[in-house]
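The structure appears below as structure tokens.
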Amino acid sequence: MIDRRALVLSGLASLAFAGRASSEDHPVMVVYKSPTCGCCGAWIEHVEAAGFRVAVRNMPDVVPVKTEFGVPQALWSCHTARIGDYTIEGHVPAEDILRMLDTRPQIAGIAVPGMPAGSPGMEIPGYSEPYDVYAFSGDNMSVFASHEG
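The numbering of the sequence shown is the UniProt record's numbering, which starts it at 1 and goes up by one.
Here it is as structure tokens:
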């Protein structure tokens, strides 16, 4: 005999996730980074673990990429990524990238400036600091998400 409660609950659960795209539904993320940057590699592992497909472009200087994609200098970090029409700068959590891709805001991208301890790829056992993820478009910047670290 079919348990009606289990059937109803499984139906509700599938409806809850029906509209949300997974990271695998999105285009390949292209990451531009220095070949010697270890924290960039750790961030790439973080987004891959979240299901993103990643292509890495090692380059000696990523500044031209940041400039080409319009990342404000105040938001620069060690690596820059592109996915679809969006730019990702720095150690942005995969959950924030997914939210941006799911909601499709009218922005150029999102960024975590610098390299805050506790952000993906910058984990330090026993220590983390709060940080913000900024949305940007041209010179306009606003907080997209906040993390306690």
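Every residue gets a Cβ at the ideal spot worked out from N, C-alpha and C, and that includes glycine.
Query raised in the report: Where residue 151 and A42 are concerned, what is the direct C-alpha to C-alpha distance, given to the nearest angstrom?
Result: Lying outside 1 to 149, the shown extent of the chain, residue 151 is not represented and no answer is given.
Query raised in the report: Quick check: the stretch 105–116 against the stretch 66–84, are there 3 or more CB pairs under 8 Å?
Result: Result yes; three or more Cβ-Cβ pairs closer than 8 Å.
Report task. Drop a sphere of 10 angstroms on the beta-carbon of A55, count the other beta-carbons inside from all chains shown, and report buried for 16 or more, exposed for fewer. Result -> Here residue 55 corresponds to residue number 55 of the sequence shown, with the count starting at 1. Per the 10 Å Cβ criterion, exposed.
Query raised in the report: In this structure, does DSSP put A21 in helix, strand or coil?
Result: Within the sequence shown, residue 21 is the residue found at index 21, counting from 1. Caution applies to A21, whose pLDDT of 48 falls short of 50 and renders its modelled position unreliable; the value that the coordinates give is listed next. Three-state result, A21: coil.
Requested in this report: Compute the Euclidean distance between the alpha carbons of T80 and F144, then round it to the nearest angstrom.
Outcome: Residue mapping note: residue 80 aligns to position 80 of the sequence shown, counting from 1. Residue mapping note: residue 144 aligns to position 144 of the sequence shown, counting from 1. Their Cα atoms are separated by approximately 17 Å.
Query - Spatial neighbours of S142 in its chain, beta-carbon cut-off 6 Å, leaving aside the 5 residues before and after - result: Mapped onto the sequence shown, residue 142 falls at position 142. Taken in chain order, the residues that qualify are A135.
Requested in this report: Helix, strand or coil for F144, going by three-state DSSP, please let me know.
Outcome: Stepping through the sequence shown from its first residue, residue 144 is reached at position 144. Strand.
Query - Among P27, P116, T36 and C40, the one whose alpha carbon lies nearest that of Y131 - result: For the purposes of this step, residue 131 is taken as residue 131 along the sequence shown, with counting starting at 1. Comparing Cα positions, the closest option is P116.
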